[in-house]
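One line per chain: the protein sequences are A and B, in this order. The first sequence: position 38 = 38 (this note's numbering), numbered continuously. The second sequence: position 420 = 1420 (this note's numbering), numbered continuously. One structure is given here, and the rest of the page talks about it.
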Amino acid sequence: MSEILGLPINTWIIVGGLFISSALSPLILAIIIIKNMKRKGHN
Amino acid sequence: MNKGIIYLLFFTVYTIVLLFFGKSGFKKTNNSRDFFVAGNSLGLYASVFTFSATWFSAASMQGVTGSMYAIGYNTVLYSIVPWFLGATMLVLLASRLKKYDILTVPEFFYLRYNSKSLQAMTGIIIVITYTFYIIIQIRGFGIVISELLDINYMVAISLVYLFVIYTTFGGLFSVAKTDSLNIILTVVGIVLTAVIVLSEVGGISIIHEKAAEINTRPFPYYQNITEKGGLLDPFAKGLMPPMITLTSFFGWGLGLAANPQYAIRISSAKNTTTAIKMVCYSVILLAFMYVGLMIIGLGGRVLEPSIQSIRYEDEVFPYMINNIIYSPFSSLILISITAAAISTANSQLLVAASGFTYDLYKNLINPSVNEEKLLNLSRIFIFIIGTVSLILAIYPPVSLLVFGGYIWGFFSATFLIPLYGGVFWKGSTKEGAISSFIVGLVTIIVFMIKNLYSTIHPAFPSVIASAITFYAVSKYTISKGRKNSEK
C-alpha cells in the first residue's frame, strides 16, 4: 500500500480528511453567517 | 540540582502567578452578571483564550495523548472530529443565542418556554453532571502533581482543590484572566514536547514507520495487545468498530454543542460577531494543539512500546515527561499539563454554582434575593461542589476520555434538542421541551445502566428519542391549542 510520510493513504483520507474538514467547518459557517448578518444589517 | 527541587520551584512560581492573575477578578465583580458572564464584556482575545482553555482539559491533554499511545489514530475519529463538529453547531447557536441575554442556559429555557420547572430541572442536571466532570480534572491534576512532587495522590488532589476554588471565587473575570495564562502555558508545553519527541525519534516518517511495527500490550492492565499496523488504522484494526466511533459523535460531539460551559462563553462575549469568531478561531488553535498531542502520543509509543509501571492511559503523558524524554523543560511541561486541568475545572465549577444559586435558589426559593447574598451563596456552593468532586476523585474512573464522553452524553440527551429547537424552530412548545428533556434523560440512564448495546454510544438512542418526542409533542400541543381556540 502506498504511503505518505510513512502513513497509509487510507488513513490520510479518512482521518486526515475528516480532521481538516471538521476543523475548518466552523470557520466556513462563520464566514457565511457574518456575511449574511452584514447583508441584512444585523450585532 | 535535585529533580524534585526544580519541580517544586516551578510549581511555587506557577502558584504565585496564578494567584496574582486570579486576584483581579474580585475587584471587577459587583453583581451576578459580572460573576457568571463577566458583564457580557469579553473581547475577542479574552474570549478565544477562555473558550480554548475551558475546552482543552485533562481529557484532551492526558486523555488524547494516552489514547494516541494506546490505540493510535482512531482517537481522532472517536473524539477530536466529533468535538469539532459540535463546535460547528456552536457557531450556529452563537448567531441566535446572544439576543436572549442569558446568565445561564436554564434561564434560556425559562425565557423561551416560560417554564420555571424546566429551568429548575436543567439546573439540577448541570449541578450533577459538572460535579462528575470536575472529577476528571482533579484526577488529571492529581496524577501529574503526585508524579511531579513525588507526593501522595490524595495530597496532590487536595492542592488542585485549593487552586480551583480560589480562581473560581472571583467569578468569570478571574476565570478568564487565569485561562489566558493557562492556555499559553499549555500551548508552550505541547510545542516543547512535540519538538523533543520528533528530535528523539528522528521525524514524523520514522514515527509512522516504527509505529506500524508495534504489537505489544501498551501497559500491563490494558486489555488489548496492539495489532501490527493497528496504531495507524482508522478503526484500530477492529478494536474500535465504525459503529462505536460514529455514534460517539452523539456523546462527545452533540454533548459539546449543547454544553452550558460553551453557551455561557457565547453570552459573555461582547457581541454576536465576537462570539462567532471566538468559536472558529479557537477551533483552529485547538487543531494545531491536537496535532502536537498526536505526535507526542504516537512518538511516545515508538520510544517505549510498553510502559510497565503505569495502570491507565492518562498516566502516559506525565510518565513520558518524567522518564522517557526527561529534559530541562520537563518542569514547565508538567506544569502545562496541570494548567489544562485547572482552566477547565474552574469554568465548570462556576457553571455548576450558577445551576444551583440562579436556576434553583433564585428561581424557586427566593426570587427577590439581593445581589450580595446571591454572590455569597454562589461562593459557598462552589466550595461544596468542589469538595464533593474531591471526595469522588479518590476512586476515579479508569479512562478520562471514555468517562468524559459518557458524561457529555447527558447534555446531548437532555439539553441539545430543547436548546437548538427553541432557538431555531418557532413551532417548539413548552410541553415539547419538557417531555423531550424527560425522555432523553430516562433513555440515557436506561442505556447506561443496562449497557444494552455496547457497540453504540448510549447518547445515540437518547438524542433520537428526545428529538422525536420534542417534535411530536410540540406539534400535538399546537394542534390541540388551535382546536381549543376554534371551539
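Glycine is no exception: its CB is placed at the ideal position from the N, C-alpha and C atoms.
7 angstroms Cβ cutoff, residue i in contact with chain D
i: residue 1095 (chain B); result: Of the protein chains in this structure, namely A and B, none is chain D.
For residue i, three-class secondary structure by DSSP
i: residue 8 (chain A); result: strand
i: residue 1200 (chain B); result: helix
i: residue 1209 (chain B); result: helix
i: residue 1444 (chain B); result: helix
i: residue 1397 (chain B); result: coil
i: residue 1071 (chain B); result: coil
i: residue 1259 (chain B); result: coil
i: residue 1168 (chain B); result: helix
i: residue 1096 (chain B); result: helix
i: residue 1314 (chain B); result: helix
i: residue 1304 (chain B); result: coil
i: residue 1107 (chain B); result: helix
i: residue 1508 (chain B); result: Residue numbering for chain B in the displayed model covers 1001 to 1487; residue 1508 (chain B) lies beyond these limits and cannot be assessed.
i: residue 1057 (chain B); result: coil
i: residue 1420 (chain B); result: helix
i: residue 1438 (chain B); result: helix
i: residue 1129 (chain B); result: helix
i: residue 1461 (chain B); result: helix
i: residue 1082 (chain B); result: helix
Beta-ladder partner(s) of residue i, from DSSP
i: residue 1236 (chain B); result: In DSSP, residue 1236 (chain B) forms no bridge with anything.
i: residue 1269 (chain B); result: B:1042
i: residue 3 (chain A); result: A:8
Cβ-based burial, residue i [other Cβ within 10 Å; buried from 16]
i: residue 1395 (chain B); result: exposed
i: residue 1238 (chain B); result: exposed
i: residue 1101 (chain B); result: exposed
i: residue 1162 (chain B); result: exposed
i: residue 1424 (chain B); result: exposed
i: residue 1294 (chain B); result: buried
i: residue 1129 (chain B); result: buried
i: residue 1427 (chain B); result: exposed
i: residue 1348 (chain B); result: buried
i: residue 1288 (chain B); result: exposed
i: residue 1418 (chain B); result: buried
i: residue 1160 (chain B); result: buried
i: residue 1053 (chain B); result: buried
i: residue 1177 (chain B); result: buried
i: residue 1223 (chain B); result: exposed
i: residue 1308 (chain B); result: exposed
i: residue 1389 (chain B); result: buried
i: residue 1240 (chain B); result: buried
i: residue 21 (chain A); result: exposed
i: residue 1436 (chain B); result: buried
i: residue 1298 (chain B); result: buried
Rounded separation between residue i and residue j - CA only
i: residue 1189 (chain B); j: residue 1300 (chain B); result: 15 angstroms
i: residue 1049 (chain B); j: residue 1210 (chain B); result: 36 angstroms
i: residue 1367 (chain B); j: residue 1374 (chain B); result: 10 angstroms
i: residue 1226 (chain B); j: residue 1218 (chain B); result: 7 angstroms
i: residue 1257 (chain B); j: residue 1344 (chain B); result: 16 angstroms
i: residue 1150 (chain B); j: residue 1121 (chain B); result: 43 angstroms
i: residue 1157 (chain B); j: residue 1481 (chain B); result: 55 angstroms
i: residue 1175 (chain B); j: residue 1346 (chain B); result: 7 angstroms
i: residue 1203 (chain B); j: residue 1335 (chain B); result: 26 angstroms
i: residue 1117 (chain B); j: residue 1430 (chain B); result: 10 angstroms
i: residue 1090 (chain B); j: residue 1074 (chain B); result: 24 angstroms
i: residue 1124 (chain B); j: residue 1442 (chain B); result: 15 angstroms
i: residue 1166 (chain B); j: residue 1021 (chain B); result: 11 angstroms
i: residue 1387 (chain B); j: residue 1187 (chain B); result: 29 angstroms
i: residue 1025 (chain B); j: residue 1266 (chain B); result: 19 angstroms
i: residue 1381 (chain B); j: residue 1356 (chain B); result: 8 angstroms
i: residue 1107 (chain B); j: residue 1467 (chain B); result: 21 angstroms
i: residue 1509 (chain B); j: residue 1220 (chain B); result: This structure cannot settle anything about residue 1509 (chain B), because the visible part of chain B is limited to 1001 through 1487.
i: residue 1084 (chain B); j: residue 1137 (chain B); result: 21 angstroms
i: residue 1207 (chain B); j: residue 1302 (chain B); result: 6 angstroms
i: residue 1280 (chain B); j: residue 1103 (chain B); result: 22 angstroms
i: residue 1039 (chain B); j: residue 1268 (chain B); result: 7 angstroms
i: residue 1255 (chain B); j: residue 1181 (chain B); result: 27 angstroms
i: residue 1262 (chain B); j: residue 1051 (chain B); result: 7 angstroms
i: residue 1450 (chain B); j: residue 1410 (chain B); result: 16 angstroms
TODO: With 8 angstroms as the limit, tell me which residues of the segment 1230 to 1253 of chain B have their beta carbon closer than that to any beta carbon of chain A; keep them in chain order.
DONE: Residues of the segment 1230 to 1253 of chain B that bring their beta carbon within less than 8 angstroms of a beta carbon in chain A comprise 1232, 1233 and 1234, in sequence order.
Open item on the list: Counting only Cβ-Cβ distances shorter than 7 angstroms, please list the residues of the segment 1281 to 1306 of chain B near chain A, keeping chain order.
Closed with: 1283, 1284 and 1287
TODO: Closer than 7 angstroms, Cβ to Cβ, to anything on chain A: give me those residues from the segment 1058 to 1077 of chain B, in chain order.
DONE: 1073, 1076 and 1077
Open item on the list: By the 7 angstroms beta-carbon criterion, what residues does the segment 1174 to 1197 of chain B contribute toward chain A?
Closed with: Under the 7 angstroms Cβ criterion, the segment 1174 to 1197 of chain B contributes no residue.
TODO: Report the residues of the segment 16 to 29 of chain A with a CB closer than 7 angstroms to any CB of chain B, ordered along the chain.
DONE: 18, 19, 22, 23, 25, 26, 27 and 29
Task: Proximal residues, the segment 1202 to 1214 of chain B versus chain A, C-beta separation under 9 angstroms - done: Residues of the segment 1202 to 1214 of chain B with a C-beta less than 9 angstroms from any C-beta of chain A: 1203, 1204, 1205, 1206, 1207, 1208, 1209, 1210, 1211 and 1212, listed in chain order.
Open item on the list: Output needed in chain order: residues of the segment 1323 to 1351 of chain B with a Cβ under 8 angstroms from some Cβ in chain A.
Closed with: none
Open item on the list: Beta carbons nearer than 8 angstroms to chain A: which residues of the segment 1252 to 1280 of chain B have them?
Closed with: 1271, 1272, 1273, 1276, 1277, 1279 and 1280
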